[in-house]
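Residues 1 to 98 (the UniProt record's numbering) make up the sequence shown, in order. Glycine is no exception: its CB is placed at the ideal position from the N, C-alpha and C atoms. Shown next, in structure tokens, is the structure this report addresses.
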Amino acid sequence: RQPTWLNPDTYASLLQRHGRCDASECLSPGGRQYAERQGPWQLLLCSSCAAQGTHRRCSALSNDRNTWDCDSCAGMGTCKRQTAMCCWLGARQGLAAG
1 RQPTWLNPDT YASLLQRHGR CDASECLSPG GRQYAERQGP WQLLLCSSCA AQGTHRRCSA
61 LSNDRNTWDC DSCAGMGTCK RQTAMCCWLG ARQGLAAG
């Protein structure tokens, strides 16, 4: 049983998935919140924090790449795939924080 003071919607925002492209220049003709299930407008979330997202085309990611890490995670060394390419792509695209 939940406490009487707890509002049922208190944690609802924690259940929502990030749903926008945070690239400094979003190239999507449908806008930052447009997403497709596959292809250049598929929205990938940071595989480390899931708090940032990018369209494949906005970060020059190929269709065979299934993970991406935001600048914050790649720069702090928390990137799951901390590679030179990961850091180079993030720096090249200049993703906006928050």
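#### Entry: Beta carbon of R20 nearer than 8 Å to that of R37
no
### Query
Which partner residues of E25 appear in the DSSP bridge assignment?
Note: E25 sits in no beta bridge, so no partner.
### Message
Beta-carbon within less than 7 Å of S47's beta-carbon, same chain only, minus the 5 sequence neighbours each way: which residues are those?
### Response
T67, W68, D69, K80
### Task
Kindly examine the ligand NAP and report whether one of its heavy atoms sits closer than 7 Å to the Cβ of N7.
This structure lacks the ligand NAP; in fact it carries no ligand of any kind.
### Task
Pick out the complete beta strand (DSSP E) segments inside the UniProt domain "PHF7/G2E3-like PHD zinc finger" (15-74), 3 residues or longer, and give them in chain order.
43-45, 53-55
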